[in-house]
Every structure is written in C-alpha cells, then in structure tokens.
Amino acid sequence: MQIERVGVVGCGLMGSGIAEVAAKSGFDVRVREVNDAALEAGQKRIRKSMDRAVDKEKLSAEDRDAAWARLSFTTTVADLADCDLVIEAIVEELDAKNDLFGELDGLCGEGTIFASNTSSLTITDMAAATERPDRFVGLHFFNPVPVMKLVEVVKTIATSDETFERAFAFSKALGKTPIAAKDNSGFVVNLLLVPYMLDAIRQLERGVASIEDIDTGMMLGCGYPMGPFTLCDFVGIDTLYKISEIMYDEYREERYAPPPLLKRIVSLGRFGRKTGKGFYDWSGEQPTPLAI
Ligand code: CAA
Ligand code: NAD
Numbered sequence: 012m013q014i015e016r017v018g019v020v021g022c023g024l025m026g027s028g029i030a031e032v033a034a035k036s037g038f039d040v041r042v043r044e045v046n047d048a049a050l051e052a053g054q055k056r057i058r059k060s061m062d063r064a065v066d067k068e069k070l071s072a073e074d075r076d077a078a079w080a081r082l083s084f085t086t087t088v089a090d091l092a093d094c095d096l097v098i099e100a101i102v103e104e105l106d107a108k109n110d111l112f113g114e115l116d117g118l119c120g121e122g123t124i125f126a127s128n129t130s131s132l133t134i135t136d137m138a139a140a141t142e143r144p145d146r147f148v149g150l151h152f153f154n155p156v157p158v159m160k161l162v163e164v165v166k167t168i169a170t171s172d173e174t175f176e177r178a179f180a181f182s183k184a185l186g187k188t189p190i191a192a193k194d195n196s197g198f199v200v201n202l203l204l205v206p207y208m209l210d211a212i213r214q215l216e217r218g219v220a221s222i223e224d225i226d227t228g229m230m231l232g233c234g235y236p237m238g239p240f241t242l243c244d245f246v247g248i249d250t251l252y253k254i255s256e257i258m259y260d261e262y263r264e265e266r267y268a269p270p271p272l273l274k275r276i277v278s279l280g281r282f283g284r285k286t287g288k289g290f291y292d293w294s295g296e297q298p299t300p301l302a303i
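Quick note, in our numbering, the sequence shown goes up one by one and the last residue is 303.
Take a look at the structure:
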C-alpha cells in the first residue's frame, strides 16, 4: 500500500519541519496541535521556513504554494483517522505519547503505520501500548528538519519487515538518507551526541572556560557547525533535560545524568532559542551568553 496521506502530531520545532518536508515532497499532510494558539504558531513556523527557501531560490514560489496547499491543520485527533502514516512529534514524555497513540489506535484503520520522532524513549514502550506493535516504527529526524539529511529508522523486535521497509522508503521519498537503528534509548546519534552536550555543561560548571569560549573552541578546533551551548539552545533546554532523564533512567550511567545547572536553567523557564533565552539571550541581532 502506498503512503499518500501523512499525519503529523505536534507542530513545534520538529513537527513543523517534518510537515514542511513531507508537503514539499508531494504528500498530503494533516497537522494536529493541542489548541488554536499552538496550531497558529506552528503554521507560521512552516510558512516562514518555506518563504525563506523561496527567498534563497531553493524553492520556487509555485512549488511553495503547491506544498502549502497540501497542508491542512486541525486540533482534532480524529481528523488523522484516514492517514496512511502518522508521525508523532509531541513532548518527550512517555505518558503523553502513549495517551495519544492509544487514542489514535482506536481511530485509525488497520493499515495505518504509527511512527514516533522520539529522541530517547524506546519505540517498544510506545508500540506495546497499542494493538499494532507490528505496524509501529521509529522515524527520528534531526533539527532543523528541512536541512539535516539524516533519518534514523528504528525497528523494534515487533516491527514487521514490511512496516520497516515502507518507513525506510518513505524517508528516501522525503529526500533524506535513512539509516537502520535498533530500538535502544538514543538510537545511534543521541547515544553519542547527548553525553557530549551534557559534558560541555559539566565543564562549564567546573569553570574550565566561558560559554562563548567553549563554543568557539569546538567550532574552530573541531570544525563543528555550532558549539555545544548553541546546540543545546537549538535543541531546546527542556527537551534536552527530558532526554537526559530518560537516558539516565535507562542506562544508569553518569554520562547521561542531567547536570544540576541544566535543571536550574529549566526551572527558570529558559528553554533555549524557542523561548528567547537558554545559555544565550537570543533577543538581539547576535546571541549573547547569559550569566551562569
Ligand atoms: N529551517 C530551515 N532552514 C534552515 C534553518 C531552519 N531552522 N536554519 C538554517 N537553515 C538553512 C538555511 O536556509 C541555509 O540554507 P542555504 O544553504 O540556502 O543558505 C542553511 O540551512 C545554512 O544556514 P545558515 O547559513 O543560516 O547557517 P549555518 O551555516 O550556521 O547552518 C545549521 C545552520 C544547518 C543549523 C548548522 O549550524 C548546523 O548544521 N548545526 C548543527 C545542527 C545539528 O547538530 N542538529 C542536530 C541536533 S540534535 C537532533 O536533532 C536530535 C535530537 O533528538 C535532539
Ligand atoms: P517542541 O516543544 O518544540 O514542540 C512540541 C509540540 O507538541 C508543542 O507545540 C506542543 O503544543 C505539542 N503537543 C504536546 N502534546 C500534544 C498532543 N497531544 N497533540 C498534539 N500536539 C501536542 O518540541 P520538539 O523539539 O519539536 O520535540 C518534539 C519531539 O521530537 C520530542 O519527542 C523530541 O524529543 C523529539 N526531537 C527533538 C529534536 C530537537 O532538536 N528539538 C530533535 C529530534 C527529535
């Protein structure tokens, strides 16, 4: 069965990017958010990103308009009932994801594949709460989705070969490069990337250098496109904290444990670039490091 209609649940940083890329690739996309304000914010994010691609002559105005016309927006979960594939990109909390998948399981047809974009939860823990663990897969995209080429396609021990192959082919149809990953918390990339970001915070706590100098060090010394603190702000401090808690709970290894400073920044509501402040203040022309 062909995938034609794609549901995307959650239109934050990741869901908006996934919806944009799917619509630009010719899929009919339904986007669901929790309320009108969140839906409007997500819609604006997609539009801004598409307009930017037109300004940079990476997308023609006609293709943008055609992609935009393939998108529809809703706050009603039942509107995703006839999708061939539903990709979840909501908050990194198992209970919230399982509530959503439980509801979708009762609404969607037998043929609908469920996918999660989780960073650190296992796909099995979500699939097991539905009646379709064989039609459940991980599709882990990278931020910013329109730019980053990778998708980790995650097969659990219950995922059918057919489901995995369809999800893999779908990732290619989006113009991405998929890699196959096993269902362990953090898959491939976050197993290595998350300890790196957390380590940078630990070194900052130890006072080895300033936020700016650590970022500059990793950019100019290692050729990374952004330093670890810019990356933390980019991913979202709240999301990084949840990822760290989940991975620490899974592995009980110190390298995944959330550093106290990360927790303090979350308590202050400084969730990174998306809220204007994280390790940096993003309100001006250039990000300025905040006092730690
Ligand atoms: N949406 C759409 N396009 C964007 C974008 C966004 N949010 N941000 C940048 N771009 C595009 C720009 O339009 C630009 O395209 P052109 O080539 O047409 O100019 C291109 O990306 C490069 O952008 P810039 O020149 O403005 O900036 P840059 O050279 O500094 O690159 C970047 C920006 C691509 C984000 C680069 O800094 C980078 O690769 N950073 C690292 C990103 C990364 O590591 N992501 C993974 C995060 S971890 C994760 O996603 C997993 C998880 O589970 C947490
Ligand atoms: P975000 O905070 O930017 O967006 C989450 C969105 O989900 C919010 O807009 C919220 O209103 C919405 N939401 C919450 N519950 C919902 C529900 N029941 N139905 C519909 N919408 C709901 O978060 P994000 O950064 O986009 O992360 C989303 C998921 O993607 C998480 O699982 C995260 O771990 C994963 N992820 C994040 C990144 C990253 O760099 N931020 C990268 C890869 C994967």
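Cβ atoms here follow ideal geometry from the backbone N, Cα and C, with glycine treated the same way.
- The Cβ atoms of residue 240 and residue 222 sit closer than 8 Å to each other.
- Membership of residue 144 in any alpha helix (DSSP H) is not indicated, and neither H nor E is assigned to it by DSSP.
- In this structure, 185 is the residue among 283, 185, 279, 191 with its C-alpha nearest to the C-alpha of residue 160.
- If you draw a straight line from the Cα of residue 213 to the Cα of residue 271, it comes to about 9 Å.
- Contact between residue 154 and residue 24 holds, with the beta-carbon distance rounding to 6 Å and staying under 8 Å.
- Secondary structure note for residue 241: its alpha helix (DSSP H) is the uninterrupted segment 239-246.
- By alpha-carbon distance to residue 191, the top candidate from 197, 202, 179 is 179.
- Taking C-beta atoms under 8 Å as the contact rule, residue 168 and residue 148 fail to qualify, at a distance of about 12 Å.
- When distances are taken from the beta-carbon of residue 258 to the heavy atoms of the ligand NAD, even the shortest one reaches 7 Å or more.
- In this structure, the ligand CAA has a non-hydrogen atom nearer than 7 Å to the beta-carbon of residue 63.
- At a Cβ-Cβ threshold of 8 Å, residue 94 and residue 16 count as neighbours.
- Comparing alpha-carbon positions, the option among 177, 231, 87, 74 lying closest to residue 36 turns out to be 74.
- Leaving aside the five residues that flank residue 22 on each side, the residues in its chain whose CB is nearer than 6 Å to its CB run, in chain order, 42, 44, 53.
- Within the DSSP secondary-structure output, residue 191 pairs in a beta bridge with 164.
- Taking every protein chain shown into account, the CB of residue 243 has 16 or more other CB atoms within 10 angstroms, so this residue is buried.
- Listed in chain order, the non-local C-beta contacts of residue 88 below 7 Å within the same chain comprise 43, 114, 115, 118, local neighbours out to five positions each way being set aside.
- Collapsing the DSSP output to three states places residue 294 in coil.
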